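Novice: FYI, the numbering for the sequence shown is 0 to 418, going by numbering that gives the first Met the number 0. All C-beta atoms, glycine included, are put in the ideal place defined by N, C-alpha and C. Computed from a predicted model, the values in this text were never measured in an experiment.
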Amino acid sequence: MSSPASPAQTICLTKAAQVVRPPEDGLPFLRHDRAAELRFDPVPVTIAGGTIAAFAETDAELRIDASGCAVVPGFVDCHTHLPFAGWRAGEYELKVSGASYEEIARAGGGIAASAAALAEAGDAQVLGQAKSLADEMLAWGTTAFECKSGYGLSAEGELRALRLADELDRLVSQTTVSTALLAHAVPPGYSADAWMDEVESLLPRVADETDATALDIYVESIAFSNQHLARLGELAADAGLALRCHVEQFTGNRSVPVALEHGARSVDHLACLHPDDLEPLAASECAAVLLPGAEFMAAERTAPARELANAGAICALATDANPGTSPLVSLPLVIGLAVRRYGWTAGEAVLAATHNAAWVIGLHERLGSLEIGKSADLLLLDAPIEHLPYRLGHNPVLAAFRAGELLYVRADTAARFDV
Ligand code: NIG
Ligand code: FE
């Protein structure tokens with residue numbers, strides 16, 4: 000990096016081919032039936048004091064020639080399972096030769112295997128793996144991400160996972176939030192009902208001892224039911240935490256009406272969404288978090304994302320980074336999969352991985368879109384955004400800023416930076 004930018008510096012990005020902005024300022028999210036209103040006009044971008052100061056050229060200390068590039072908000076990964084321990088590559092081989100997620104889980108693999116790995120690993124080992132994944136995510140343009148617990152599978156294990164997530168926040172360059180996925184798999188020795196009693200008694204400690212801002216649950220035959228989702232919804236409301244849920248992933252369970260009734264912030268996966276639940280979801284302020292990387296890697300069905308977008312849902316995209324269903328950390332790859340599988344435009348996919356993803360994790364007032372006064376979390380991409388899905392697997396990120404600080408710059412890019 001020839002000219003490191005500090006947050007106090009004024010920076011001007013000039014001559015970009017595209018600057019992706021919402022149609023108006025102050026929107027908490029942009030429903031997908033309005034995605035065509037995104038603005039792409041190639042305005043200069045001035046950053047001062049860590050925030051976006053103007054869409055005009057100014058006498059900046061650092062000027063960056065963005066010729067041919069797109070300037071987009073930093074990617075927001077609103078659904079990951081970091082921090083976790085180890086991987087499960089052996090299961091992937093079983094899966095591609097026909098074993099189902101449920102069969103693998105019932106044979107002691109799946110979430111239980113990652114829970115055992117987490118229990119065995121020391122804190123430094125878990126944080127080391129997560130930090131190196133966060134660095135990889137930064138190089139793919141992720142400037143904010145969500146962490147989840149869920150591999151603790153005991154009261155103390157879940158609290159430890161949430162404390163590790165808090166620790167990770169201090170170690171990484173990105174902004175993070177954490178979600179208590181307290182109902183992920185039924186721990187050994189418990190019925191699902193008995194574990195929900197344990198979850199209820201754990202909540203005061205989650206609130207006191209961790210920075211978790213949301214609760215999460217996995218609804219599936221091998222995990223929890225809609226009744227448990229409803230119960231977690233009540234607990235979340237009482238605790239002042241957002242409700243999120245893994246629903247309709249491998250089988251249809253009609254969980255979405257239950258989630259909407261309990262004011263969920265997001266419903267995630269939706270590969271098996273019931274057609275009758277699509278319009279009510281689209282009309283709500285509950286985001287549809289779509290995970291095409293998990294759909295692809297776990298051979299799931301394809302979520303009705305085109306229909307959700309047409310109906311005006313708040314669609315978001317995320318990696319679902321985890322050692323089981325989606326060992327992926329690249330949002331450009333997820334954007335490419337979304338465009339191919341869902342029939343979305345590049346603009347729709349970028350919207351889903353930025354502005355609407357920030358809504359999901361409750362950081363929409365601070366970041367997620369290029370607006371004056373928002374945190375200068377932005378990326379310089381090596382081509383217009385249509386290249387993102389088209390050059391699937393290519394990393395287009397030339398530079399990544401968070402709060403005006405240049406955190407990452409691709410090796411071939413230094414020549415564009417000129418003090
Ligand atoms: O989002 N399905 C539930 N949870 C994760 C997978 C967790 C795992 O397999 O380790 C998911 O796909
Ligand atoms: Fe997940």
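If we ignore side chains and look at the alpha-carbon of each, how far apart do V418 and V408 end up?
Specialist: What you label residue 418 is simply residue 419 of the sequence shown in a count that begins at 1. What you label residue 408 is simply residue 409 of the sequence shown in a count that begins at 1. Residue placement at V418 is poorly supported in this model, since its pLDDT is 47, which falls under 50; the coordinates still yield a value, given next. Each residue's alpha carbon lies about 15 Å from the other.
Novice: So who's on the other strand from Q17, going by DSSP bridges?
Specialist: Translated into positions along the sequence shown, residue 17 becomes position 18. DSSP, once it has assigned bridges, lists A69 as partnering Q17.
Novice: For N225 versus S265, is the C-beta distance shorter than 7 Å?
Specialist: Residue numbering aside, residue 225 sits at position 226 when the sequence shown is read from its first letter. Residue numbering aside, residue 265 sits at position 266 when the sequence shown is read from its first letter. No, they are not a contact pair.
Novice: Contact check, A317 vs E347 under 8 Å by CB: the rounded distance?
Specialist: The residue labelled residue 317 in the question sits at position 318 within the sequence shown. The residue labelled residue 347 in the question sits at position 348 within the sequence shown. No, A317 and E347 are not in contact; Cβ-Cβ is about 15 Å, not under 8 Å.
Novice: Using CA coordinates, which residue listed in G292, F54, A235, A164 is at the minimum distance from S200?
Specialist: As a first step, residue 200 is located in the sequence shown; it is residue number 201 there, counting from the start. Ranking the options by Cα distance to S200, first place goes to A235.
Novice: Report back the beta-carbon spacing between N355 and A286 to the nearest angstrom; my notes put them in contact at under 8 Å.
Specialist: The sequence position of residue 355 within the sequence shown is 356, counting from 1. The sequence position of residue 286 within the sequence shown is 287, counting from 1. Yes, they are in contact, since the Cβ atoms of N355 and A286 sit about 6 Å apart, within 8 Å.
Novice: Identify the residues that DSSP records as bridge partners of H268: which are they?
Specialist: Along the sequence shown, read from residue 1 onward, the residue named residue 268 stands at position 269. DSSP lists V246 as partners of H268.
Novice: Assuming contact is defined by CB atoms lying nearer than 7 Å, are A402 and S368 in contact in what I supplied?
Specialist: As a working mapping, residue 402 is identified with position 403 in the sequence shown. As a working mapping, residue 368 is identified with position 369 in the sequence shown. Against a cut-off of 7 Å, the Cβ pair of S368 and A402 comes out as no contact.
Novice: State the DSSP-derived secondary structure class of L214, mapped to helix, strand or coil.
Specialist: Taking the sequence shown and counting its residues from 1, one reaches residue 214 at position 215. L214: strand per DSSP, three-state reduction.
Novice: Quick check: is any heavy atom of the ligand NIG less than 6 Å from the C-beta of I110?
Specialist: Translated into the one-based positions of the sequence shown, residue 110 becomes position 111. Yes.
Novice: Buried or exposed for I313, please, with buried defined as at least 16 other CB atoms from any protein chain shown within 10 angstroms of its CB.
Specialist: In the sequence shown, the residue the question calls residue 313 occupies position 314. Buried: at least 16 other Cβ atoms inside 10 Å.
Novice: Short check: CB of P388 to CB of V338, under 7 Å?
Specialist: Within the sequence shown, the letter at position 389 stands for residue 388. Within the sequence shown, the letter at position 339 stands for residue 338. In contact: P388 and V338 (Cβ atoms closer than 7 Å).
Novice: Can you check whether the CB of F144 is closer than 7 Å to the CB of T175?
Specialist: Here residue 175 is taken as the residue at index 176 of the sequence shown, counted from 1. Here residue 144 is taken as the residue at index 145 of the sequence shown, counted from 1. Yes, Cβ-Cβ distance for T175 and F144 is below 7 Å.
Novice: For I371, does the count of other Cβ atoms within 10 angstroms reach 16, so buried, or fall short, so exposed?
Specialist: What you label residue 371 is simply residue 372 of the sequence shown in a count that begins at 1. By the 10 Å Cβ count, I371 comes out exposed.
Novice: Tell me, to the nearest whole angstrom, how far the beta carbon of P291 is from that of D276; I am working on the premise that it is less than 8 Å.
Specialist: Walking along the sequence shown from the start, residue 291 turns up at place 292. Walking along the sequence shown from the start, residue 276 turns up at place 277. So it is not a contact: roughly 19 Å between Cβ atoms.
Novice: Under the assumption that D381 contacts L397 (Cβ atoms under 8 Å), give the Cβ distance between them as a whole number of angstroms.
Specialist: Your numbering for residue 381 matches position 382 in the sequence shown. Your numbering for residue 397 matches position 398 in the sequence shown. About 5 Å; that satisfies the 8 Å criterion.
Novice: Who are S374's beta bridge partners in DSSP?
Specialist: Residue mapping note: residue 374 aligns to position 375 of the sequence shown, counting from 1. Beta-bridge pairing links S374 to T50.
Novice: Report the partner residues of L423 according to the DSSP bridge assignment.
Specialist: As shown, the chain starts at 0 and ends at 418. That puts residue 423 outside it, with no answer to give.
Novice: Look at the alpha carbon of P186 and the alpha carbon of M136, and state the distance between them as a whole number of angstroms.
Specialist: Along the sequence shown, read from residue 1 onward, the residue named residue 186 stands at position 187. Along the sequence shown, read from residue 1 onward, the residue named residue 136 stands at position 137. The straight-line gap from Cα to Cα measures roughly 31 Å.
Novice: Going straight from the alpha carbon of E364 to that of F74, what length do you get?
Specialist: Your numbering for residue 364 matches position 365 in the sequence shown. Your numbering for residue 74 matches position 75 in the sequence shown. About 15 Å.
Novice: Drop a sphere of 10 angstroms on the beta-carbon of Q8, count the other beta-carbons inside from all chains shown, and report buried for 16 or more, exposed for fewer.
Specialist: What you label residue 8 is simply residue 9 of the sequence shown in a count that begins at 1. Per the 10 Å Cβ criterion, buried.
Novice: Can you find a heavy atom of the ligand FE that lies under 6 Å from the Cβ of D319?
Specialist: In the sequence shown, the residue the question calls residue 319 occupies position 320. The answer is yes for D319.
Novice: Give the list of continuous alpha helix (DSSP H) stretches no shorter than 4 residues that lie fully inside the region 183-208.
Specialist: Entirely contained in the region 183-208, the alpha helix (DSSP H) runs reaching 4 residues are, in chain order, 191-208.
Novice: Quick check on P22: buried or exposed, where buried means 16 or more other Cβ atoms within 10 Å of its Cβ?
Specialist: Here residue 22 refers to the residue found at position 23 of the sequence shown. The residue in question, P22, is exposed, as its Cβ has fewer than 16 Cβ neighbours within 10 Å.
Novice: Once the 5 residues before and after L126 are set aside, which same chain residues still bring their CB inside 8 Å of it?
Specialist: For the purposes of this step, residue 126 is identified with residue 127 of the sequence shown, where counting begins at 1. Closer than 8 Å at Cβ, skipping near neighbours: P82, L163, E166, L167, L170.
Novice: Let's test the definition: count the other Cβ atoms within 10 Å of the Cβ of G335 and tell me whether it reaches 16, buried, or not, exposed.
Specialist: The sequence position of residue 335 within the sequence shown is 336, counting from 1. Counting Cβ neighbours within 10 Å, G335 comes out buried, since at least 16 surround it.
Novice: Using the C-alpha atoms, what's the distance from F416 back to S1?
Specialist: Here residue 1 corresponds to residue number 2 of the sequence shown, with the count starting at 1. Here residue 416 corresponds to residue number 417 of the sequence shown, with the count starting at 1. Note that S1 scores a pLDDT of 37, beneath 50, so its modelled location is shaky; the value from the coordinates is reported in the next line. Near 7 Å, if we compare the C-alpha coordinates of F416 and S1.
Novice: How would you label C244, buried or exposed, when you count the other beta carbons within 10 angstroms and need 16 or more for buried?
Specialist: Your numbering for residue 244 matches position 245 in the sequence shown. Buried, by the Cβ-count rule.
Novice: With C-beta atoms as the reference, is C68 less than 7 Å away from T45?
Specialist: Looking up residue 68 in the sequence shown gives position 69. Looking up residue 45 in the sequence shown gives position 46. The answer is no: Cβ separation not under 7 Å.
Novice: Taking the straight line between their C-alpha atoms, what separation do you get for A88 and P322?
Specialist: Walking along the sequence shown from the start, residue 88 turns up at place 89. Walking along the sequence shown from the start, residue 322 turns up at place 323. Roughly 8 Å between the two C-alpha positions.
Novice: Is the closest heavy atom of the ligand NIG to the C-beta of H245 under 6 Å?
Specialist: Indexing the sequence shown from 1 puts residue 245 at position 246. Yes; taking the cut-off as 6 Å, the Cβ of H245 has a heavy atom of the ligand NIG nearer than that.
Novice: In three-state DSSP terms, what is H412?
Specialist: Position 413 of the sequence shown, counted from the start, is the residue given in the question as residue 412. Reading the sequence as shown, one finds Thr at residue 412 and not His. T412 falls in the helix class under three-state DSSP.
Novice: In angstroms with no decimal places, state the Cα-to-Cα distance between D196 and A182.
Specialist: Residue mapping note: residue 196 aligns to position 197 of the sequence shown, counting from 1. Residue mapping note: residue 182 aligns to position 183 of the sequence shown, counting from 1. Computed Cα separation, rounded: 11 Å.
Novice: Which residues share a DSSP beta bridge with E404?
Specialist: Position 405 of the sequence shown, counting from 1, holds the residue named residue 404. Per DSSP, R401.
Novice: In or out: D411 buried (at least 16 other Cβ within 10 Å) or exposed?
Specialist: Here residue 411 refers to the residue found at position 412 when the sequence shown is read from its first residue. Exposed, since its Cβ has fewer than 16 Cβ neighbours within 10 Å.
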